[in-house]
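Notes follow the structure.
What follows is the structure, given as structure tokens:
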């Protein structure tokens, strides 16, 4: 197994982190929000934020030659746990039946204004080893 780390950025940004790190066959995404890189804003509604978040994660995984089918672990962070069902509805549709291990945590706040949810993923891609 390779021990080198490859950092992946799906679009240009000035933040102090990469969108993903690849170590051998493992892909670790950053905590990804429903931020729309084209508009520079967060959608108003939680379903729209979740949908945009899943699009962002799909793009990050694509840059790593992976898909949601390669995901083995997911962490979800919600500012309002009452949004759990709405987030699940969009998440399940985007994951297309794939159900990796998952944790969902209610948090007091997230760093960006109007950021109400965030998801991070771990994927395994044997071909990357």
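Numbering (the numbering used here), first residue to last: 11 to 139. Backbone N, C-alpha and C define an ideal beta-carbon position, used for all residues, glycine too.
Could you name the residues of the same chain whose beta carbon sits closer than 7 Å to that of residue 42, not counting the 5 residues immediately before and after it, in chain order?
63, 66, 67, 70, 128, 129, 130
Report buried or exposed for residue 15, applying the criterion of at least 16 other Cβ atoms within 10 angstroms of its Cβ.
With a pLDDT of 46 at residue 15, under the threshold of 50, the modelled position of that residue is not reliable, and no figure is offered here.
Quick one, are the C-beta atoms of residue 112 and residue 86 less than 8 Å apart?
yes
Determine the contact status of residue 82 and residue 134, defining contact as a CB-CB distance below 8 Å.
yes
Comparing C-alpha positions only, which one of 77, 48, 50 sits nearest to residue 110?
77
Taking C-beta to C-beta, are residue 74 and residue 32 nearer than 8 Å?
yes
Cα-Cα separation between residue 96 and residue 79, rounded to whole angstroms:
So the two alpha carbons sit approximately 22 Å from each other.
Could you tell me which whole beta strand (DSSP E) segments of length 3 or greater appear in the segment 28 to 78?
30 to 33, 36 to 39
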